[in-house]
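A short write-up of the structure that comes next.
Protein chains in written order, with our numbering: chain S, 58 to 284; chain G, -3 to 137.
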């Protein structure tokens, strides 16, 4: 699993130093980038899973929060009695706030850990959604192929049969035409083999799906019986 | 003149009034003219007398008129599919002795099983080779 990326955004060097030290003492530390409010521009910031906003100069928190993408995970770690925070709380009710008290660092690490896990879970869910969409496209193609199998087989019947009919009377054909018809016949046979492989693959997949469904039902049955 | 068996058909009579060639009639029921023509071509070369029919609703009428020895029956057809035709023929005392071979691109085990359940005597999957078709027909005619 890749390391998470965290941006610490603060104008207090001590805050950044302490938090970084605490994090690095942990078993699994994220990649940390420290920025101050002057150098902060989210579009230029390195890729991040979490932004920790620490104490910044007066009036800067609002502009920082405004510049963040709505989906960005943010932990705000400022004194609870700051006037700016009071206004922010009503504007961003879901903002995670950790008051800057004696044990703030430990609390922040716990909350950050959960936030990063949530970000990771979201990332996995999005990837699963993308995969499901891709699989759905493949399934549509597969269904189309299955529906077309009948038409392909009918067309092949004509190709193979007529080639065989012509080959029954080789004397009526020039050697070049004979060779060409033989090629057409053998290519039609090859398409037939491909279609048969496709059919058996479809049957195997159906069987596997049935087995998997039966297994799931078997696993679910004892649970529902207990209810 | 010698009386012919029900499934043998007089093809020509020579100048002495003797029957010289007998061809067994094979009724081909398929909505695709190209496939009927193809099967006719293959069977004719083997000395059969193929009769093509594109309309599955006229099967009984054609059997009554032509008295074929064997029926090659497509499955996927509009208005009346091959399974229905086969079931109707096998349920009819007048026609149920005529062998029916289903000739179809439906190739799954369940399709074959369902064909058997309708009383079909043979099953040939499309695309077939000349040998596949002839082997199935020769079992009955």
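Backbone N, C-alpha and C define an ideal beta-carbon position, used for all residues, glycine too.
Residue j beta carbon less than 8 angstroms from that of residue i
i: residue 98/G; j: residue 82/G; result: yes
i: residue 41/G; j: residue 225/S; result: yes
i: residue 245/S; j: residue 216/S; result: yes
i: residue 64/S; j: residue 94/S; result: no
i: residue 130/S; j: residue 62/S; result: no
i: residue 152/S; j: residue 158/S; result: no
i: residue 219/S; j: residue 129/G; result: no
i: residue 116/G; j: residue 133/G; result: no
i: residue 101/G; j: residue 207/S; result: yes
i: residue 49/G; j: residue 60/G; result: no
Residue closest to residue i, alpha-carbon to alpha-carbon, out of the options
i: residue 29/G; options: 43/G, 63/G and 51/G; result: 51/G
i: residue 136/S; options: 130/S, 110/S and 129/S; result: 110/S
i: residue 115/S; options: 272/S, 209/S and 142/S; result: 142/S
i: residue 114/G; options: 86/G, 94/G and 103/G; result: 86/G
i: residue 252/S; options: 64/G, 104/G, 131/G and 73/G; result: 104/G
i: residue 19/G; options: 88/G, 116/G, 63/G and 75/G; result: 63/G
i: residue 239/S; options: 77/S, 222/S, 101/S and 185/S; result: 222/S
i: residue 163/S; options: 266/S, 75/S and 264/S; result: 75/S
i: residue 85/S; options: 229/S, 126/S and 173/S; result: 173/S
i: residue 196/S; options: 117/S, 169/S and 263/S; result: 263/S
Residue i, DSSP secondary structure in three states
i: residue 121/G; result: strand
i: residue 154/S; result: strand
i: residue 94/G; result: coil
i: residue -1/G; result: In this predicted model, residue -1/G has a pLDDT of only 38, less than 50, meaning its place in the structure is not dependable; the value taken from the coordinates is given anyway. Coil.
i: residue 80/S; result: helix
i: residue 21/G; result: strand
i: residue 86/S; result: coil
i: residue 69/G; result: strand
i: residue 62/S; result: strand
i: residue 48/G; result: strand
i: residue 7/G; result: With a pLDDT of only 45 at residue 7/G, under the threshold of 50, the placement of this residue in the model should not be trusted, and no figure is reported.
i: residue 16/G; result: Confidence is the limiting factor: at residue 16/G the pLDDT is only 48, short of 50, which leaves the residue's position unreliable, though a coordinate-based value still follows. In this structure, residue 16/G counts as strand in the three-state DSSP scheme.
i: residue 89/G; result: coil
i: residue 176/S; result: helix
i: residue 116/G; result: coil
Contact set between residue i and chain S, taken where Cβ atoms lie within less than 9 angstroms
i: residue 38/G; result: 218, 221, 222 and 225
i: residue 72/G; result: 207 and 211
i: residue 31/G; result: 211, 214, 215 and 218
Proximal chain G residues relative to residue i, where beta-carbon distance stays under 9 angstroms
i: residue 256/S; result: 103 and 104
i: residue 260/S; result: 104 and 105
Where residue i meets chain S, residues with beta-carbon distance less than 7 angstroms
i: residue 123/G; result: 210, 213, 214, 217 and 249
i: residue 41/G; result: 225
i: residue 28/G; result: 211
Where residue i meets chain G, residues with beta-carbon distance less than 7 angstroms
i: residue 243/S; result: None at all; the shortest Cβ gap to chain G is about 12 angstroms.
Closer than 7 angstroms: residue i CB and nearest the ligand FMN heavy atom
i: residue 163/S; result: The ligand FMN is not part of the structure shown, which contains no ligands of any sort.
Chain G residues whose Cβ lies nearer than 8 angstroms to that of residue i
i: residue 172/S; result: Correct list: empty, because the minimum Cβ distance to chain G is about 52 angstroms.
Interface residues of chain S facing residue i [CB-CB closer than 8 angstroms]
i: residue 132/G; result: Here the premise fails: no neighbours, minimum Cβ distance about 14 angstroms.
i: residue 34/G; result: 214, 215, 218, 219 and 222
i: residue 76/G; result: Simply none; closest approach about 17 angstroms.
Check your understanding: Does the pairing of the stretch 46 to 65 of chain G with the stretch 79 to 96 of chain G give three or more beta-carbon distances under 8 angstroms?
Key -> yes
Check your understanding: Taking contact to mean at least 3 C-beta pairs separated by less than 8 angstroms, is the stretch 199 to 213 of chain S in contact with the stretch 117 to 135 of chain G?
Key -> yes
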